[in-house]
Amino acid sequence: DQSASLELVKFYGAAVRLFSFIHPMDDYFATVSDQGVLDTWHKTTATLVGSMDITCGFVLDMKCNPQMPYLALGRSDGILQIIATSEGDPYQLSELRLCSEEITGITFSPSGTLIVAASYKIGRIFVTQGLVGTGHRINVLNHVLSNQPIVDMLVILTGKLLVLVNDEMSESPSGNQLCIYSLPRLEVEASYMLDTTYHEVLHTGRTLMAVPYISRQIHVLNLELARESEEIDVKETLTSGHQIRRFHISLCGSHIVSFGWDGLIFLRCKENLEIFCILEAHHRFNYGVKYATVDRTAEYILSLGKEGNFVCSKVLVPCGHVKKEHQVDNVYESYFVKKPMKSPSAIISPKTWLETQIQQKLNLEAAVAAPEIKSIIADFKVLQKELVQLLNDNYRAPPEEQLEVLEFDLDTETRETLLADAELERDNVRRLLEAECRDCHRLSEVIKKNTWDRMEVKSRCIKAMLDDFSVDNYGLPPNPQTMQELLVWECEARKLTIDMSQGDHFEPWFPFPDEENTVPRTKSTLTLTDPPKDMSATRNRVTIPTENQEESEKENPYLLFGSSSYQFVEISPLHCSQFEMCSSFANSSEIILLERVCLDLREYFNKLFNDMFLHKEKEMALLADRNARLRHILSELRITCNAPMDVLPPEDAQWSQEEKSEKIVTIEDSEVAETPYISPSEQALLDQKAAEEERIRRMLAADNFRELALIEMMDGMLEVRWEDELKKEIPKPKCMLEKDPEDYNEADLKAIKEYDEKCKILLSERERYRKMLEIEYKKLENIIQESLTRFDNSLFDLFQTRLKVDAAMNHEQLKILRIHQLNDDRIRREIQEREIVQNVQITEKESDDAHKQVALMQEATTECRNNYDALVVKDKAMGKKFKQEFSNTSATPAVLEQLVKYFRRRPKLQQRATQYPTLLLELARCVVDNDNSSFMPPEFHEFLSALDTLDLPSSAAIHFDETVWATLVRVRRAKIESELKVRAYALELKEAEYTLSVVTKQMKAARERASANVAELRAAREDKIRLSRDLQIQLVMKQGLVETPLTGHISDFEHAILINPKIVEKINQHVKSAGSKKLDAMKQVTKFHRINKYKEWEYKKMKMECEDLEEKLNNIESIKVTLEVKQYLKELIKPHERDPQEEEGALLKQTEDNYKNTVKSLKDEIVSVDEKIENFKKLNKKADKSILDLKCDVSEQQLERDLRLEETVSEAARRRMDMIVRRSQLVARIQQVHNDNLVLQTELELLRLRTYPTLKYKAARQILVLYCAVTEWI
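Using the numbering used here, you'd call the opening residue of the sequence shown number 837 and step up by one each time.
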């Protein structure tokens, strides 16, 4: 009664796959889960109303009758199942097996009187009665097979079935042909080819709508016009509003619902197609909405997401319809009450409706053709009897008169045709199989030749016997002859180089005292073999190695080799030192030698691997022998000693395919599951060979009569074995077999006694043999375990060697890669330097050309300026000499004044015409020569015409003489010519000065580019020199000796310093000695402080005791003793005599009182414990109830959780907590650093003060006390 109980509060379903409102009231909706369970729910409260299991078949489609509350289910087994609901509670109404194909689509007529079910894959359509449950049986009215894949179908108000089919038979779920069938006869009335492929169609009662495949539009089709013109046109194109293509659309009463991958749901009125609600129930990141529907009042939307979330949403926006438009009359409600199914069609027959129809048709045909069939059967029986009689006569005839049985074959042609077809088919199959076998064999040979045969050392591994690890060898291809020749050539070249250089190497990192030779050549001290001979010649120079380095090199000459290969293979003395690789030739030869070292490492490890493989073969053979012995011991214990051990027989270890890699290219008979085919000829040869071997064996056995006699008499052995005798049972005496015990005589009793003694001896011997076998068994087990453990340890050592060899090879590969990188850097820098030199030459040439051009332009500009100045002087002089030109004429001063005015008159010349010096000079020539036929712009011709007009005598005054006028015209034209030339030369001078400034700027830019290129060349050469001096050296060091933080890049060691470990050890020794001195000083200081504190404590203690004694003395002195007090004290001193009986009675009474008190306290404790138990029971009940309530609340809260919000909040909390933890760590670290700083300051003060000082400052004393306390705590 006290156990916890769980109560189901609310069930929310699981894995909803299909759903639909239950029409016509739409108060409930039904769902189908992946487990095949149909549930009905209340739409407003989400309460589970009823449930029903659909055990047979998988539900592929579910639709509800628009006028009756029942569901039609299309299943994968071809059954149309009708499920009715009574106030939402489902029950089965009827079932009908239509066909063997799956029913993938169901639709109802608008009135609900017809059900259309179809198999979309093959285009099979059934029309059944829709008034199920109202007294009508479910039966098929008609059936059609179109052999075209169906995309979508619907029934319109006019009683026509519209079917969208895929005419192109493509795999895309779209169709381009619309077929119209009459109902219920399913006759094709029309078929229209569509210009666009659609994947859904919908009829609102007045218009036909279709959704194009992979589009965001909705097409309104003109079906009325199509009936007249036999073509369907797009009447209108609507925008769906969806953001992603390939959406879906459905009609739900008076509303149209569209949904798609973007997660949006649009609600439209079917009359005006206007959107009145947009809902985002699912997110596009979860692939949007799978299906959605709405009830008749457009208040509730059911939607199923691609991710599996099933949502019911309430619409708060009115749809625009009045309530009367949403009202329905539930005429058929009284018919659908829950009662047992009585319809005979509900019993599922083993045959489908199609098979039944075909069988009925066959029965009808058989009934019509029965007389003819009967006559044919009678004739056949007569013919059969005659044939049997002929065969019997042929069998009884003499052999020479008998015919072959084939002669009695009445259908020779058919038999020969069948035999020929079978022979042809067998031949085709045989040739096909032989061709496949040849292709597989050829392919395997090619693969084997290219991958297996070309490998000189095949890859294989050795697995541990007990542990779970393995060791692989190195698969090696054959070494090419060209590689070997190149290696020999490089070795000889390297020897020649060493002999010719005689120890002189390019070492630019040495400082050289002579400034003239900035790149010195010194004698290298870093070789792999012999140390340098002339060390005295280089004593005065700064050399790389120090004393410690020389000692380390003497201990290990390969210290600077940069790899650990010397630990496994012999290193050639021809290798270049890392300080000598300053040329491409040395680098290329070093790469070849390093590749040879890698090959030697592989061969070295393969040799160790082969030895270990032979070791394992020996271990496997020994293990097989020992396991055989163990199995023999178990057999002896079971058979001889009748004492079987409770252990399984040991199994021999087997070679895996990775270890015996040759098994990859060979096929054993045990690997083939099927037995090989043996032809009759091969079987005959095998039988003949077996018979011959048996004949030879019998002949040998007949000749060896001695062996046969030994086998017959002594089991083939000359000496009888003790264990074989133990297997034999002692024969019982005859009396025990033939007589009863009461008939035994003395001889029988003696024989029985001897038999018992022999049995005891045999049992004791068997027991001794058993103990021997058990001891041997345990010993063998221990030996096997030790042997396998030793082998695994050896294999693990080999595994560690493999890791070390891999590390050495990685060292060599890193050196090769670094050499390649060095070569690439040098080549790149050479190319860069050549490009910079070319750029310098080009820029210097450009600068020189610009300088020459500037000089030429300066000369031209100077000439232009001189010409301009001369013309300006000449023009001014002409103005001054104007009156002198009329000295030979009769002009009076008054006339001269008028002539000056006429002299200054000029025709107007446009400004844009005076911008070209050449034209101005040509105009000046025309002005002087009076030439108007020159090719010039129109403005100049107008100027000349105006000038000619000014020169006409009619323009002159009346009192002017012709000579005077002619002189004026000549002087004025000369003056105009001079002015035009001055203008022209001014323009030329201006243009020359501008050109000179531009060319000067170009010259300066060229000089700047040249200087920049020179600086870049200088930087490149300095970088090249730095690269040759700042070498990159590869060293192999233990991880504990590297104190530089490592990130995996070579740049980690750019600023690293290489220190000898002995220096570090010396420093550590000094630190240790200083630390010991420090500890001694700290101990002395601590001891001093302890003694000091102890003395202070003793002083304070004695001082306090003195004060207490003084106070006690004062108290004693202040007390007054009276006579009564003295008398009382005397009475206390006197001995008091007591009665022993009174003492015993008092003791008994005290014991009784103690017992009663103890009993009372125990009773009180019992009562209190009982009360506590009752209280705890009540609390437990209350806790159980609260736990149950809490679980319910937790379940509801779990369903209402927003996981994404929780993840965001938890992530923010985690980040905040990380920040808090980080801050606390930093604060703790700061405190620790501060404490360390204080301790170090204290240590510094202690080291400074060698003696015990008198602390003058309080702060210093506090620091010292703190330090002592910390030291004491440590």
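Even for Gly, the Cβ is constructed at its ideal location relative to N, Cα and C.
Taking a contact to require three or more Cβ pairs closer than 8 Å, the segment 882 to 890 and the segment 946 to 955 do not qualify as touching. Around the beta carbon of residue 1883, fewer than 16 other beta carbons lie within 10 angstroms, which makes this residue exposed. For the segment 996 to 1073, the continuous beta strand (DSSP E) assignments of 3+ residues that do not extend past its boundaries occur at 996 to 1001, 1011 to 1018, 1024 to 1039, 1044 to 1048 and 1053 to 1058, in sequence order. In this structure, DSSP gives residue 1513 a state outside helix and strand, which the three-state scheme calls coil. Linking residue 2040 to residue 924 through their CA atoms gives a straight-line distance of about 35 Å. CA-to-CA, the gap between residue 1223 and residue 983 works out to about 48 Å. Shortest Cα-Cα distance from residue 1311 to any of 1324, 1497 and 1272 involves 1497.
A contact between stretches requires three or more CB pairs, one per stretch, nearer than 8 Å, and the segment 1109 to 1123 meets this requirement with the segment 1135 to 1142. When Cβ pairs closer than 8 Å are counted between the two stretches, the segment 1012 to 1028 is seen not to touch the segment 1090 to 1099, the count staying below three.
For residue 1444, the CB contacts under 8 Å within the same chain, skipping 5 residues up- and downstream, are 1634 and 1637 in chain order.
Distance from the CA of residue 2010 to the CA of residue 1999, rounded to the nearest whole angstrom, comes to 17 Å. Residue 1931 and residue 1938 have their C-alpha atoms some 11 Å from each other. A contact between stretches requires three or more CB pairs, one per stretch, nearer than 8 Å, and the segment 1883 to 1893 fails this requirement with the segment 1411 to 1427. The beta carbons of residue 1400 and residue 1433 sit no closer together than 7 Å. In the DSSP annotation of this structure, the continuous segment of the alpha helix (DSSP H) that includes residue 2053 starts and ends at 2039 to 2084. In the three-state reduction of the DSSP assignment, residue 1280 falls in the helix class, which pools H, G and I. In the structure shown, residue 898 falls within a strand segment according to DSSP collapsed to helix, strand and coil. The Cβ-Cβ distance between residue 902 and residue 944 falls below 7 Å. For the 7 Å CB-CB criterion, residue 1651 and residue 1458 do not form a contact. Annotation for residue 1605: 1476, 1477, 1559 and 1562 place their beta carbon closer than 7 Å to its own, counting only its chain and skipping 5 residues before and after.
Boundaries of the beta strand (DSSP E) around residue 888: 884 to 889. Spanning the alpha carbons of residue 1649 and residue 1655 requires a straight line of approximately 10 Å. By the criterion of a C-beta distance shorter than 6 Å, residue 1143 is surrounded in its chain by 1122, once the five residues flanking it on both sides are discounted.
Across the set 1060, 1469 and 977, the C-alpha of 977 shows the shortest separation from the C-alpha of residue 1021.
A residue is called buried once 16 or more other Cβ atoms fall within 10 Å of its Cβ, and residue 1779 is buried on that count. Residue 1679 is classed as buried because its beta carbon has at least 16 other beta carbons within 10 Å across all chains shown.
Contact annotation, residue 1019 with residue 997: C-beta distance approximately 5 Å; criterion of less than 8 Å satisfied. By the C-beta criterion, the segment 1481 to 1489 is judged not to be in contact with the segment 1280 to 1287, since fewer than 3 inter-stretch pairs fall below 8 Å.
In the three-state reduction of the DSSP assignment, residue 1483 falls in the coil class. When DSSP assignments are scanned along the segment 1132 to 1169, the uninterrupted stretches of alpha helix (DSSP H) that are 4 or more residues long and fall wholly within it turn out to be 1159 to 1162. For residue 1100, the pairing in a beta bridge is given by DSSP as 1116. Taking each of 1688, 1741 and 1567 in turn and checking the Cα distance to residue 1783, the smallest one comes out for 1741. For residue 1040, the closest alpha carbon among the candidates 1324, 1108, 1811 and 1714 is that of 1108. Going by beta carbons, residue 868 and residue 898 fall inside the 7 Å limit. Our two residues, residue 1255 and residue 1226, have alpha carbons roughly 25 Å apart in a direct line.
In the DSSP assignment, residue 994 falls outside any beta strand (DSSP E), carrying neither H nor E.
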